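Take a look at the structure below.
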Amino acid sequence: MKPPRGLSEKEAALWSQVTASVKPIHGDAPPKSAPDIVPPPPSRQPKAVKSPPSPSPLATLPPKVARSPASKSRGPAVTVTSPAAPKFGEGLDSTWDRKLARNGVSPDFTLDLHGHTLETAHQRLDWGLTQAKAMGARVVLVITGKPRRAEAADRAERRGAIRSKILDWLAAGAHSSDIAAIRNAHRRHGGSGALYIILRRRR
Numbered sequence: 001m002k003p004p005r006g007l008s009e010k011e012a013a014l015w016s017q018v019t020a021s022v023k024p025i026h027g028d029a030p031p032k033s034a035p036d037i038v039p040p041p042p043s044r045q046p047k048a049v050k051s052p053p054s055p056s057p058l059a060t061l062p063p064k065v066a067r068s069p070a071s072k073s074r075g076p077a078v079t080v081t082s083p084a085a086p087k088f089g090e091g092l093d094s095t096w097d098r099k100l101a102r103n104g105v106s107p108d109f110t111l112d113l114h115g116h117t118l119e120t121a122h123q124r125l126d127w128g129l130t131q132a133k134a135m136g137a138r139v140v141l142v143i144t145g146k147p148r149r150a151e152a153a154d155r156a157e158r159r160g161a162i163r164s165k166i167l168d169w170l171a172a173g174a175h176s177s178d179i180a181a182i183r184n185a186h187r188r189h190g191g192s193g194a195l196y197i198i199l200r201r202r203r
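So that you can map any letter, position 188 of the sequence shown is 188 in the numbering used here, and since no number is skipped, the others follow by simple counting.
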């Protein structure tokens, strides 16, 4: 193989012109790296205002009231009662009862209420006892009519209405402290339709 020949002066001049007009071809430029994306500074959020803590359920409850030992234990209910009516008969001895049972006592004063209304019978009873005491009587015979079951709507004209009311009148009347006893009358003096009112002896 023959060695390559060199360029002549003319060839060398032409080559230099060509090479002078040609720019070297570089390889593909490396891709420019994308600029770093700087994240925006975090926006400053307003600080949340802390609400005051809600009171605990225990704090809202009213303070306990200390109960005394007496209030914890419920005692028996106290019932308020009205003063008891006078008990007629405590001032009478057994001798009187035997005499009344044998019809051994005659009335000193007789008061007939049979046929009256309740209003007039009540007034007449009060007047009669006043008269009997003024006379010094001990045994007052009061004729009332035979007793009958009392009803709430009882009328003055009903049979036995006076008998059903007379004990209340005597207990609440002005003469209650002067009455020693009240007994059913003997059959000779009216039986169940009449009463003996025994007055206390005046001293």
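Beta carbons are placed, not taken as given, at the ideal position from N, Cα and C, and that holds for glycine. The structure displayed is predicted, hence computed values, not measured ones.
Return the chain-ordered list of same chain residues with a C-beta closer than 8 Å to the C-beta of residue i, the five sequence neighbours on each side being excluded.
i    : result
M135 : D108, F109
G190 : L141, I143
K133 : H175, D178, L199, R202
Would residue i be called buried (16 or more neighbouring beta carbons within 10 Å of its own) or exposed?
i    : result
A12  : exposed
R188 : exposed
A137 : buried
G115 : exposed
L113 : buried
Mind checking whether residue i and residue j have CB atoms under 8 Å apart?
i    : j    : result
R98  : L111 : no
A161 : L195 : no
A171 : R200 : no
Identify every residue that forms a DSSP beta bridge with residue i.
i    : result
V139 : I198
N103 : Note: N103 sits in no beta bridge, so no partner.
A181 : I198
D112 : I143
Between the C-alpha atoms of residue i and residue j, what's the straight-line distance to the nearest angstrom?
i    : j    : result
R183 : A101 : 10 Å
V105 : H186 : 10 Å
I143 : G193 : 6 Å
G173 : G145 : 21 Å
V80  : N103 : Unreliable positioning characterises V80 in this predicted model, as indicated by a pLDDT of 36, which lies under 50. The coordinate reading is nonetheless provided below. Roughly 43 Å separates the two Cα atoms.
T95  : T120 : 35 Å
D126 : I166 : 11 Å
Q131 : R163 : 21 Å
Any beta carbon from chain B within less than 8 Å of residue i's own beta carbon?
i    : result
V105 : Absent from the structure is chain B; it holds one protein chain and no more.
Go through its chain and collect everything with a Cβ distance to residue i's Cβ below 7 Å, but skip five positions before and after it.
i    : result
H122 : W169
V139 : V105, P107, D108, Y196, I198
S8   : none
Give me, in chain order, the residues of the same chain whose beta-carbon lies closer than 6 Å to that of residue i; leave out the 5 immediate sequence neighbours on both sides.
i    : result
L129 : H175
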